[in-house]
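Residue numbering for the sequence shown follows the numbering used here, starting at 3 and increasing by one per position. Just so you know, even glycine gets a beta-carbon here, dropped at the ideal spot from N, CA and C. Source: prediction; values computed, not measured.
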Amino acid sequence: MSYSFGDIGELLLEKGVINNQQLQKVRLMQKEKDEHILELLARLKYVSKNDALKAISEKIGVPYVDLNNDYVNPNSISFIPEDIARKFKVIPVLFVAERLVVAMADPNDIFAIDGLKVVCPYPVDSVLAGEIDIEQAIDYYYRGSKEIKQITETVTGGEDLIYEKDLRDVRLKEEEEGMDPSPIIRLMDRIITEAIKQGASDIHIEGEEGFVRVRFRVDGVLSEFQTLQKKVRASLISRIKILSDLDLAHSLTPQDGSFFVHYQGRRIDFRVATIPTHNGENAVIRILDSTRGKIRLSQLGIHPVDLSHLRNTLQMPNGMIIVSGPTGSGKTTTLYACIDEINTIKKKIITIEDPVEYRMEIVNQIPIKVSRGMTFAKTLRSVLRFDPDIILVGEIRDQETARIAIQGALTGHLILTTLHTNGTIESIFRLMDMGIEHYFVREILRTVVSQRLVRKLCPQCKTAVEMPVKSLGEMAPFIDGKTIQVYQPEGCDNCRNTGFIGRVAVYEFLFITPELKKQIQPNSDSELLRRIAIKEGLKSYWENAAIKLKKGITSFEELKFSYSN
């Protein structure tokens, strides 16, 4: 294929990405075999395909997208017919703001662009992608589009689907040579694959009045991935139940289960919950990707002073560390990072979790099984007889669990756990509300962490604006001057036009000092405890939020919204 921007080899040579000797060798090899120059360069390890395409992108002034990692919205496929896509080597990747973004091997090819204008009723914006990647994407997405159409036209229920074996260990591949699985199986695999690619934490499959909606939760926000005809729902839910070993005959009661897949060399676990609704059974699938769970304390964005104090606490031989916050605030990630910090062959660490989200070496991890009588309280009582040094209790939910955890902390164990409270001081009162005597609370409590997750601004498109400091509410006292430069989301290809990529926690650390310990009484006043804590060095949520605002990590609206939820 010839390109409007010239010869790829000469362009890369001009950019200094490869040298003349390397180019000449590639030229000779191209004469012997019909292989694309970028594939040859990558195979010879002269330059990766990504780096070569980025160099081309800089030369021609057109953004580059990596189709192997970046999201292609399947709903955009319908705007360009398959024969046109193959003819011009293009693939639609996104439809937003009444414009279609199309990946092209030659984004400046005016003949291809004119051809797209004929078949597409919307303005077309072009981005650069590898020619081979585009061809593979066309095969993958257009095939999937046809399958979905076939499903919605022909499937009337789950009665015709035959599952020959329990595929709880599913190996997802984009192409299974010699296999022709059921369209529903392939549809479910495609949903799972796309959710993993997008970094979703949850998949929601919801029946509506006349259709089925599939939504992904990415960075804490739900967005629609796809809609399907209503008649697909029963078959899709049946497939999910088969995977997670649930009872196909029970559709009028909630169920929960799990399964795992192997995807691109890594194991990913899934938790499944189904529930009956007015429009039929719905399902939510929680994605637990162990490759995203491994994170160090130093990577959590904790203030250096708080991080130093926390590390000192983790080295204590006994006591209790509590991480608090609402559901989905990253408490488990913080606890895992703490365990990783102190995990050595010299320490016996046992975790009690519901469920075990990420597997850790050396650590003894125990999943809760309430149906078998393995509650947090009963399991914790047994664990104390296993000579542990450190115990992670996934959550203290009741008085019995709280009392056993307190007993463990008093008898020489370091206990790490979570509470569903809205703040650090509130956790102290929550323990006393559970019936734990105040003298036990002040004796064993070492550190309380309260946290919220906020979305991080996309570094490539965030825009700076000036704001008056007095309009920043609770953050204002921690910012000098009358105005401040802050950043707000804009949206670009890099962040899929959301303006955000990833999340980071905003923390408040309460370290139990001798002065604070004296004031933990049955009739203590929360405001008094907070004033003492601030005097003793507590950096409030809003002080830490102000730091992240000034650094341009997130936006003012995101910080304000996160604390109100």
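- Taken atom to atom, the span from the alpha-carbon of Ala-466 to that of Val-450 is near 35 Å.
- Here DSSP, grouped into helix, strand and coil, assigns Gln-228 to strand.
- Taking every protein chain shown into account, the CB of His-415 has 16 or more other CB atoms within 10 angstroms, so this residue is buried.
- In the three-state reduction of the DSSP assignment, Ile-481 falls in the coil class.
- With distances taken between CA atoms, Asp-191 lies nearest to Leu-238 out of Leu-238, Arg-219 and Lys-232.
- Bridge pairing for Arg-361: absent [DSSP].
- In this structure, the beta-carbon distance from Lys-243 to Val-214 does not fall below 9 Å.
- The shortest C-alpha to C-alpha distance from Tyr-66 to any of Cys-494, Ala-535, Ile-503 and Lys-484 is the one to Cys-494.
- The region 301-310 and the region 386-402 do not touch, with fewer than three beta-carbon pairs separated by less than 8 Å.
- Put simply, of Asp-108, Ile-86 and Ile-136 the residue whose alpha carbon is nearest the alpha carbon of Val-121 is Ile-86.
- Pairing Gly-437 with Ala-202, the inter-Cα distance amounts to about 39 Å.
- In terms of CA proximity to Asn-281, Glu-210 leads the group Val-471, Glu-210, Leu-455 and Gly-303.
- Between the alpha carbons of Val-92 and Glu-41 lies a gap of roughly 18 Å.
- Here the C-alpha atom of Ser-128 lies approximately 15 Å from the C-alpha atom of Lys-61.
- Within the model, the alpha-carbon separation for Arg-361 versus Arg-288 is close to 16 Å.
- Using a Cβ-Cβ distance cut-off of 8 Å, the region 444-464 and the region 539-555 are in contact, since at least three pairs of beta carbons, one from each stretch, lie closer than that value.
- Where Val-450 is concerned, the enclosing beta strand (DSSP E) starts and stops at 447-459.
- Pairing Leu-55 with Ile-82 gives a Cβ-Cβ distance that is not under 9 Å.
- If you ignore the 5 residues before and after Ser-331, its C-beta comes within less than 7 Å of the C-beta of Gln-453, Arg-454 and Leu-455, all in its own chain and listed in chain order.
- Where Thr-381 is concerned, there is no enclosing beta strand (DSSP E), although the alpha helix (DSSP H) around it starts and stops at 378-385.
- Remark: fewer than three beta-carbon pairs, one from each stretch, lie closer than 8 Å, so the region 267-277 and the region 312-322 are not flagged as touching.
- Residue nearest to Leu-316 within the set Thr-381, Asn-366 and Ile-392 is Ile-392 (criterion: CA-CA distance).
- Classified as buried, Glu-283 has 16 or more neighbouring CB atoms from the shown chains inside 10 Å of its CB.
- By alpha-carbon distance to Ile-58, the top candidate from Glu-12, Glu-34, Val-98 and Arg-45 is Glu-12.
- Cβ-Cβ distances below 7 Å link Lys-89 to nothing in the same chain once the five nearest sequence neighbours on each side are left out.
- If you draw a straight line from the Cα of Ala-411 to the Cα of Met-434, it comes to about 16 Å.
- The closest CA to that of Ala-197, considering only Thr-229, Ile-324 and Val-220, is found on Val-220.
- Note on geometry: alpha-carbon atoms of Phe-558 and Asp-111 lie some 42 Å from one another.
- Counting the other Cβ atoms within 10 Å of the Cβ of Phe-511 gives 16 or more, which makes it buried.
- Our two residues, Gly-303 and Leu-551, have alpha carbons roughly 13 Å apart in a direct line.
- For Gln-301, the closest of Asp-258, Gly-375, Ala-339 and Phe-262 by C-alpha to C-alpha distance is Ala-339.
- Distance from the CA atom of Ile-408 to the CA atom of Ile-430, rounded to whole angstroms, is 13 Å.
- In this structure the region 514-530 does not lie against the region 496-503, because fewer than three pairs of beta carbons, one per stretch, are closer than 8 Å.
- Phe-218 and Glu-439 have their C-alpha atoms roughly 44 Å apart.
- In terms of Cβ geometry, Ile-427 and Ala-535 form a close pair [threshold 9 Å].
- In this structure, Leu-290 and Asp-271 form a Cβ contact; the two beta carbons are roughly 4 Å apart against a cut-off of 8 Å.
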